[in-house]
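Single-structure report; data block below.
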Amino acid sequence: MPPHVGSRKLARRAYATSTLRKYDAAVWEFIQWARDSGIAIYGVQELDEYLCDYIEYLFDDGLSRAKAVDTIYGIVALNFFPGWRHAFPTALLSLRGWSKMAPTNSHPPLTWDLSLLIATDVAKVGFPLLALAFLLAFD
């Protein structure tokens, strides 16, 4: 076996196990979609075009944008072709379009009631300035 072929165990360690699982699931769902659609992919340009079609399928069916992101970056990460990150211009453009059509809603990490509870407890143990800072950070 040539020295460049192997498990890429060190490259895989660059990703958290949970990230690799998420990417793996997303890529396999894309592969299944392609099979079900009768698609055979023979090159990077075709892959970009079919990724674009898949992203539109996810969007039209009301599925998660995160799944589309995980699919693209999963192909890059699981195949260890970091240069491919820029090989999917149409798919990445589709993701940008999705973001503009359905912007994400940000949510505070804690509810106001929970913030009050934490600030109260922090003040009770002798840190009133920290409690105040905690409440001000919520706003």
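The sequence shown begins at 390 in the numbering used here and counts up by one. Beta carbons are placed, not taken as given, at the ideal position from N, Cα and C, and that holds for glycine.
Contacts around Phe448, its chain only, beta-carbon distance under 6 angstroms, and the 5 residues preceding and following it disregarded: Taking the first residue of the sequence shown as 1, we reach residue 448 at position 59. The beta carbon of Phe448 lies closer than 6 angstroms to those of Trp487 in the same chain, with the five residues before and after it left out.
My assumption, with CB atoms under 8 angstroms, is that Asp459 sits in contact with Tyr412. Please give the rounded CB distance. Position 70 of the sequence shown, counted from the start, is the residue given in the question as residue 459. Position 23 of the sequence shown, counted from the start, is the residue given in the question as residue 412. Correct: roughly 5 angstroms between the Cβ atoms.
Tell me whether Pro498 sits in a helix, a strand or coil according to DSSP, three-state version. Position 109 of the sequence shown, counting from 1, holds the residue named residue 498. Coil.
Looking only at C-alpha atoms, which of Leu452, Glu445, Ile507 and Asp502 sits nearest to Leu481? Within the sequence shown, residue 481 is the residue found at index 92, counting from 1. Its Cα nearest to that of Leu481, the residue Glu445 stands out among Leu452, Glu445, Ile507 and Asp502.
So what does DSSP say about Asp413, is it helix, strand or coil? Locating residue 413 in the sequence shown gives position 24, counting from the first residue. Asp413: helix per DSSP, three-state reduction.
How far does the alpha helix (DSSP H) with Val465 in it reach, from first residue to last? Taking the first residue of the sequence shown as 1, we reach residue 465 at position 76. It spans Arg454 to Asn468 - the alpha helix (DSSP H) in which Val465 sits, taken as one unbroken run.
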